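**Student:** Numbered by the numbering used here, the letters in the sequence shown go through residues -10 to 440 in order.
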Amino acid sequence: MKKVSTIFMISIALFLISCNKFLDKKADATQAVPKTLNDLQALLDYTKISNFATPGSGEASADDYFMPNELIDAYGEGALKTYIWQAYAYPYNNDWAQPYQAIYTANLCLEQLEKISRTSQNQNNWDKIKGTALFLRSYYFVQLAWVYAKSYNAGTASQDLGIIIRLTSDFNDKSKRSTVAETYAQILSDANESLRLLPERAEYQTRPSQAATYALLSRIYLSMRNYDSCMKYTDLGWKANNTLIDFNDPSVVNPNSETPIVPKNKEIIFWTQFAPFHIGTNPAVVSVDTSLFQMYDESDLRKLAFFGSNGLYYSFKGSYSGDPYVLFTGLTTAELLLTRAECYARKGMIDKALEDLNALLIKRWNAEIEFHPREASTADQALTLILEERRKELTTRGVRWMDIKRLNLEGRNISITREIKGTKYVLPPNDKRFALPIPPDIVIRTGVEQN
-10 MKKVSTIFMI SIALFLISCN KFLDKKADAT QAVPKTLNDL QALLDYTKIS
40 NFATPGSGEA SADDYFMPNE LIDAYGEGAL KTYIWQAYAY PYNNDWAQPY
90 QAIYTANLCL EQLEKISRTS QNQNNWDKIK GTALFLRSYY FVQLAWVYAK
140 SYNAGTASQD LGIIIRLTSD FNDKSKRSTV AETYAQILSD ANESLRLLPE
190 RAEYQTRPSQ AATYALLSRI YLSMRNYDSC MKYTDLGWKA NNTLIDFNDP
240 SVVNPNSETP IVPKNKEIIF WTQFAPFHIG TNPAVVSVDT SLFQMYDESD
290 LRKLAFFGSN GLYYSFKGSY SGDPYVLFTG LTTAELLLTR AECYARKGMI
340 DKALEDLNAL LIKRWNAEIE FHPREASTAD QALTLILEER RKELTTRGVR
390 WMDIKRLNLE GRNISITREI KGTKYVLPPN DKRFALPIPP DIVIRTGVEQ
440 N
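1. Give me, in chain order, the residues of the same chain whose beta-carbon lies closer than 8 Å to that of Leu396; leave out the 5 immediate sequence neighbours on both sides.
2. Just the C-alpha distance for Phe295 and Leu316, rounded to the nearest angstrom, thanks.
3. How many angstroms separate the CA atom of Ser183 from the CA atom of Thr202?
4. Tell me which same chain residues have a C-beta within less than 8 Å of the C-beta of Thr19, skipping the five on either side of it?
5. Roughly how many whole angstroms lie between the Cα atoms of Ala365 and Ile339?
6. Please report the distance separating the alpha-carbon of Val388 from that of Phe41.
7. Helix, strand or coil for Lys115 per DSSP?
8. Could you compute how far the alpha carbon of Thr(-5) sits from the alpha carbon of Asn142?
9. Assign Tyr79 to one of two classes, buried (16 or more other C-beta atoms within 10 Å of its C-beta) or exposed (fewer than that).
10. Tell me the rounded alpha-carbon separation between Lys341 and Tyr210.
11. Find out if the Cβ-Cβ distance for the pair Ser212, Trp135 is shorter than 8 Å.
12. Inspect the beta-carbon positions of Ala204 and Glu256 and report whether they are closer than 8 Å.
13. In the structure shown, what three-state DSSP assignment does Gly400 receive?
14. Determine, using beta carbons only, whether Thr321 and Glu48 come nearer to each other than 8 Å.
15. Out of Thr435, Ser167, Leu416, state which residue places its alpha-carbon closest to the alpha-carbon of Ala51.
16. Leaving out the 5 sequence neighbours to the left and right, which residues in its chain are closer than 6 Å to Lys10 when beta-carbon positions are compared?
17. Who are the Cβ neighbours of Val432 in its own chain at under 6 Å, not counting the five residues just before and after it?
18. Alpha carbon to alpha carbon, what distance is there between Gln75 and Glu408?
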């Protein structure tokens, strides 16, 4: 991106302001405030705020990883407490703070944008900046909701505790928790408004677009179990971008490499990654769940491309970032295809569901070995196949925790079991601990209710 020095200075000011917010101090009114469209675009383009903010606690709490007992003493308190779903005093900067920094940036840009007149000369950039800010706010609100609130349930959403919805950059505005219904209403409002403002395609994968918003709405409605709306936006997203990479193409994927998948590949619709604060998602220190690893057929190139031996078990190496220690969490065409397949199966459209599923799998299968398309005689069989492939394709993407929560509301009965030095810990389906604890310092300073 251009204007690196400008971005750096603005980001430092933003970081200091954000720190003050979480320490309940007033911002210094003399700090630099972006005033031009270029300033606002530069601020939104600062990837360390806008794109490196997916909370990792949900992923670390889910069932795709485990902490080997051989290394358990090397883990810090925070990683261990998250691993067994217990509260701990994890300090700023953390999984809660990082998404709210991106939300603060979005709010600041929206406020400053209103001070700039929209004209026939600047309308495209003006709209793009507003759309980007709204998209980012929606994107991180929903990710926070997946981790720190109960799964959306239409029957209880108006009573269940949601997240803190901050719509201004004013630190004096009192923090309070909304309901889950209010949380998702704001998430959908922001996403839908961004849709009419953003361009069809973005210049960079770190910027949102209409195609990215379709994919975001697909994720949102899937997490709400609103499969009709999910199908609508998934289909629109797939029509906007339907490119799949072939894992047999050596220019894109080298399964035997330590960095097997090229970054910026054509499946990526929008780029984000985990906030860099959670050891519980670091492939250097956690191992892939053995039952998940065994789900991959030997002819499935993902088994080689996604995983490598760490000396004891297997760890993940197949991030779309091109760096095994930087875990990609963004939006892809492959996810869209799996989501549409799930929606088809839920509607009883078995042939279409399997058509989508097999269209993806043949791109992951070793071309030297005959591929036998997946078959199912009932919608439930098709759905089971699709959900298994969803887990295999989207491991480490930050959606597994959300998937477990929504599927358990439908009676899938997914429980998670840990064992540490002979002590067993179990998280049963629909347990209240699926809404992870808010950082204690936030509860103390704001008075919001803890999960």
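Just so you know, even glycine gets a beta-carbon here, dropped at the ideal spot from N, CA and C. Computed from a prediction, not measured in an experiment: that's the story for all the values here.
**Tutor:** Put simply:
1. Counting from one through the sequence shown, the residue named residue 396 turns up at place 407. For Leu396, where only same-chain residues beyond five positions count, the Cβ hits under 8 Å are Leu376, Ile403.
2. One-based indexing of the sequence shown puts residue 295 at position 306. One-based indexing of the sequence shown puts residue 316 at position 327. Near 12 Å, if we compare the C-alpha coordinates of Leu316 and Phe295.
3. For the purposes of this step, residue 183 is taken as residue 194 along the sequence shown, with counting starting at 1. For the purposes of this step, residue 202 is taken as residue 213 along the sequence shown, with counting starting at 1. Cα-Cα distance, rounded: 7 Å.
4. Reading the sequence shown from its first residue, position 30 is the one you call residue 19. With a pLDDT of 39 at Thr19, under the threshold of 50, the predicted position of this residue should be treated as unreliable, and no value is reported.
5. One-based indexing of the sequence shown puts residue 365 at position 376. One-based indexing of the sequence shown puts residue 339 at position 350. Each residue's Cα considered, the two are about 8 Å apart.
6. On the sequence shown, residue 388 is found 399 positions in, with the first residue counted as 1. On the sequence shown, residue 41 is found 52 positions in, with the first residue counted as 1. Cα-Cα distance, rounded: 16 Å.
7. Sequence index remark: in the sequence shown, residue 115 carries index 126 (1-based). According to the sequence shown, residue 115 is Trp rather than Lys. Here Trp115 sits in helix by DSSP.
8. As a first step, residue -5 must be located in the sequence shown, where it is residue number 6. As a first step, residue 142 must be located in the sequence shown, where it is residue number 153. For Thr(-5), the pLDDT reaches just 44, beneath the cut-off of 50, and the residue's location in the model is therefore unreliable, although a value from the coordinates is still provided. Taking the straight line from one Cα to the other gives about 44 Å.
9. On the sequence shown, residue 79 is found 90 positions in, with the first residue counted as 1. Looking at its Cβ environment, which holds 16 or more other Cβ atoms inside 10 Å, Tyr79 is buried.
10. Along the sequence shown, one-based indexing puts residue 341 at 352. Along the sequence shown, one-based indexing puts residue 210 at 221. Going by the C-alpha atoms only, they are around 20 Å apart.
11. Counted from its first residue, the sequence shown places residue 212 at position 223. Counted from its first residue, the sequence shown places residue 135 at position 146. Yes, they are a contact pair.
12. Residue mapping note: residue 204 aligns to position 215 of the sequence shown, counting from 1. Residue mapping note: residue 256 aligns to position 267 of the sequence shown, counting from 1. Judged by their CB atoms, Ala204 and Glu256 are not nearer to each other than the 8 Å cut-off.
13. Here residue 400 is taken as the residue at index 411 of the sequence shown, counted from 1. In the structure shown, Gly400 sits in coil (DSSP, three-state: anything other than H, G, I, E or B).
14. Translated into the one-based positions of the sequence shown, residue 321 becomes position 332. Translated into the one-based positions of the sequence shown, residue 48 becomes position 59. Not a contact, by the Cβ cut-off of 8 Å.
15. In the sequence shown, the residue the question calls residue 51 occupies position 62. The candidate whose alpha carbon is nearest that of Ala51 is Leu416.
16. As a first step, residue 10 is located in the sequence shown; it is residue number 21 there, counting from the start. Here Lys10 scores only 44 on pLDDT, less than 50, and its place in the model is too uncertain to base an answer on.
17. Here residue 432 refers to the residue found at position 443 of the sequence shown. Here the set comprises Gln439.
18. Within the sequence shown, residue 408 is the residue found at index 419, counting from 1. Within the sequence shown, residue 75 is the residue found at index 86, counting from 1. Roughly 14 Å separates the two Cα atoms.
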